[in-house]
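Letter by letter, the sequence shown follows residues 1 to 276 in full-length UniProt numbering. By construction, the Cβ of each residue, glycine as well, lies at the ideal position given by its N, Cα and C atoms. Quick caveat, the model's predicted, so the values are computed rather than measured. As structure tokens, the structure follows; a few thoughts come after it.
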Amino acid sequence: MIALGLLAVAALCHAGWNLLVKSSAQQGPEFVWLYSVITAPVALGLLGWAIARGPVLPSVWPALVSMLLHTAYAVVLQRAYRAGEFSVVYPVSRGTPPVLVTLAGIPAAGWPGLQVWSGVGLVLGGVLALDRMWTRPGVARGTLLGLAVAVCSCGYTLWDAYAITTLGAQVLPYLAVANLGQVLMLTAVIRPRRERLGPVLAHWRRALPIAVLIPASYGLVLVAMTLEPVSAVATGRTLNVVLGVLLGVLVLRERLTAWRVAGLAAVIGGVLLVST
């Protein structure tokens with residue numbers, strides 16, 4: 001029950017910052033850099049506190065790997081939101097990672113049964129239905145990018161679970177090093193085009209709540225991973241899918257069609273089949 005409560009709060013935080021990213025006038029690596037910089041002083045403080053309490057070096061290199069995966073996720077996510085509607089991209093990017101996590105575990109867990117494959121089929125059908133991809137002359141770009149986001153999410157979910165549960169990385173220094181590493185890497189990336197920073201810096205008020213909600217949402221998930229298996233955590237995060245569609249409809253005034261409702265139901269049902 002504790003893990004479920006943590007995941008519910010994490011879902012609210014996660015859906016909230018995604019909504020802010022979608023509705024922001026500024027998107028791209030520069031905006032990711034901005035909200036990472038805002039978080040950096042807190043990350044420095046947490047890292048200093050963790051160092052004072054004991055050794056943190058074992059958490060550093062796993063955190064840097066996590067930083068690369070999370071940065072790729074953040075950049076691809078913004079591109080997906082530029083290309084597609086929130087109530088499509090968000091369910092696709094949040095609903096398919098549990099399926100990918102389960103499939104990635106086949107080498108260790110063995111070939112899944114009919115129930116799992118039925119769930120995979122439901123998720124894929126639900127993804128197609130959310131944007132009615134078969135009615136378009138080409139594949140919907142927002143949906144494809146949403147799937148790319150899901151691949152990034154699957155990657156960091158598996159890695160972070162391994163780092164926390166197997167490598168013994170500590171949550172606070174792990175988050176702090178990942179944030180600081182992201183700031184340094186993105187600073188190097190955007191330095192050649194620093195003239196673009198002016199318009200981005202003007203939107204610091206929009207970046208501020210994102211800077212708070214991102215570490216809060218994932219910190220809660222990491223704590224939940226210490227209490228439950230990674231597959232259970234991935235399943236619990238499907239609550240995000242429902243919140244994403246509701247926020248897209250209620251806040252952004254996006255369409256809630258019968259196909260979208262059916263696709264959402266299929267994604268959720270498929271995830272539950274895969275993970276139970």
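Cutoff 7 Å; reference residue i; Cβ partners in own chain excluding five residues on either side
i	result
V189	P29
L208	I38
R206	L20 and S24
Top-ranked residue by Cα proximity to residue i, from the options
i	options	result
G84	Y156, T165 and R255	R255
V65	L158, V249 and V261	L158
Y81	M185, L180, A50 and W17	W17
A265	W61, P91 and S23	P91
T165	L103, H14, P229 and V120	P229
D160	V127, G54, L68 and V149	L68
Beta-carbon proximity of residue i to residue j, cut-off 8 Å
i	j	result
Q182	S36	yes
G146	V75	no
L47	A129	no
L180	A3	no
L122	G270	yes
L20	I210	yes
G244	R94	yes
A178	A63	yes
Sequence-distant residues of its chain with Cβ nearer than 8 Å to residue i (five each side left out)
i	result
R141	A83 and G84
L184	none
Per-residue DSSP class, three states only, for residue i
i	result
H70	helix
P229	coil
Q182	helix
residue 328	This structure leaves residue 328 out entirely; the chain is present only between 1 and 276.
L144	helix
E30	helix
Q78	helix
L201	helix
L208	helix
G138	Annotation note: pLDDT 43 at G138 (below 50); position unreliable, coordinate value reported separately. Of the three classes helix, strand and coil, the one that applies to G138 here is coil, per DSSP.
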